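Under this note's numbering, the letters of the sequence shown match residues 427 to 561, in that order.
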Amino acid sequence: MLKNIFLNIKFYIQKLFTSKYKIEGKCNQCGECCKNIVFMIDDEYIKTEKQFEDLKKFDKKYKHFDINGKNEKGVLLFKCKSLDENNRCKDYKFRSLYCRAYPFVTDKIRLGGCETFDTCGYKIVKDKDFKSFLK
Ligand code: SF4
Ligand code: SF4
Numbered sequence: 427m428l429k430n431i432f433l434n435i436k437f438y439i440q441k442l443f444t445s446k447y448k449i450e451g452k453c454n455q456c457g458e459c460c461k462n463i464v465f466m467i468d469d470e471y472i473k474t475e476k477q478f479e480d481l482k483k484f485d486k487k488y489k490h491f492d493i494n495g496k497n498e499k500g501v502l503l504f505k506c507k508s509l510d511e512n513n514r515c516k517d518y519k520f521r522s523l524y525c526r527a528y529p530f531v532t533d534k535i536r537l538g539g540c541e542t543f544d545t546c547g548y549k550i551v552k553d554k555d556f557k558s559f560l561k
């Protein structure tokens with residue numbers, strides 16, 4: 427019990443002093459974030475059409491996406507049906523919170539190396555570099 431409290435305090439102190447991330451730049455409407463979406467089922471990225479069919483049965487909102495390819499790890503990439511041919515969102519005013527938040531830095535993005543798409547106008551930058559921790 428006491429050990430758990432100590433570990434929790436240690437966790438929050440470390441989190442407080444760890445490097446923070448901030449987002450710089452602005453959207454240039456390249457559309458990449460709407461064409462390269464990944465989905466998860468049971469904590470695993472969707473890799474097969476069968477998994478995608480299961481996901482659509484589970485929740486109809488996934489019918490709003492088409493398979494758009496695969497990444498180098500075999501994870502399926504999806505394109506949103508609201509994206510028009512000029513990379514504009516047809517549902518901009520009513521887009522989801524996920525769309526509004528992109529590229530908000532979540533733990534998963536952090537673990538993935540904190541990178542946006544090459545063409546994206548946003549960049550995720552650290553407020554402290556590694557060397558500053560060694561001083
Ligand atoms: S709703 Fe709009 S912003 Fe969101 S993924 Fe689809 S096209 Fe992109
Ligand atoms: S990838 Fe970046 S620049 Fe391109 S549409 Fe998405 S937010 Fe905008």
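Beta carbons: idealized from backbone N, C-alpha and C, even for Gly.
Computed from a predicted structure; not experimentally measured.
(message) Once the 5 residues before and after Y488 are set aside, which same chain residues still bring their CB inside 8 Å of it?
(response) The residues are F465, F478, L481 and K482.
(request) Please classify C453: does DSSP put it in a helix, a strand, or coil? (result) Coil at C453, not helix or strand.
(request) Identify the continuous alpha helix (DSSP H) that holds F484 and give its terminal residues. (result) Per DSSP, F484 belongs to the alpha helix (DSSP H) from E475 to F484.
(request) For G457, count neighbouring Cβ atoms within 10 angstroms of its own Cβ and tell me buried if that reaches 16, exposed if not. (result) Buried, since its Cβ has 16 or more Cβ neighbours within 10 Å.
(request) Can you have a look at F432 and say buried or exposed, based on whether 16 or more other CB atoms are within 10 angstroms of its CB? (result) If you draw a 10 Å sphere on the C-beta of F432, you find fewer than 16 other C-beta atoms in it, and that means exposed.
(message) If I follow the unbroken alpha helix (DSSP H) through Y524, where does it start and stop?
(response) In the DSSP assignment, Y524 falls within the unbroken alpha helix (DSSP H) covering L523 to A527.
(request) Could you tell me if the beta carbon of Y518 falls within a distance shorter than 8 Å of some heavy atom in ligand 1? (result) At least one heavy atom of ligand 1 is nearer than 8 Å to the Cβ of Y518, so yes.
(request) Kindly indicate which residue of G500, H490 and K505 has the alpha-carbon position closest to the one of K461. (result) Looking at the Cα atoms, K505 is the closest of the given residues.
(message) Measuring only the C-alpha atoms, how far is C546 from N430?
(response) For C546 and N430, the distance between alpha carbons rounds to 42 Å.
(message) Whole angstroms are fine: how far does the CA of K499 sit from the CA of D517?
(response) Cα atoms of D517 and K499: separation of roughly 31 Å, rounded to the nearest angstrom.
(request) With a threshold of 16 other CB atoms inside 10 Å of the CB of L502, please say whether the residue is buried or exposed. (result) Looking at its Cβ environment, which holds 16 or more other Cβ atoms inside 10 Å, L502 is buried.
(request) Would you mind working out which of L428, Y447, C453 and I467 sits nearest C515, comparing C-alpha positions? (result) Of L428, Y447, C453 and I467, the smallest CA-CA separation from C515 is found for C453.
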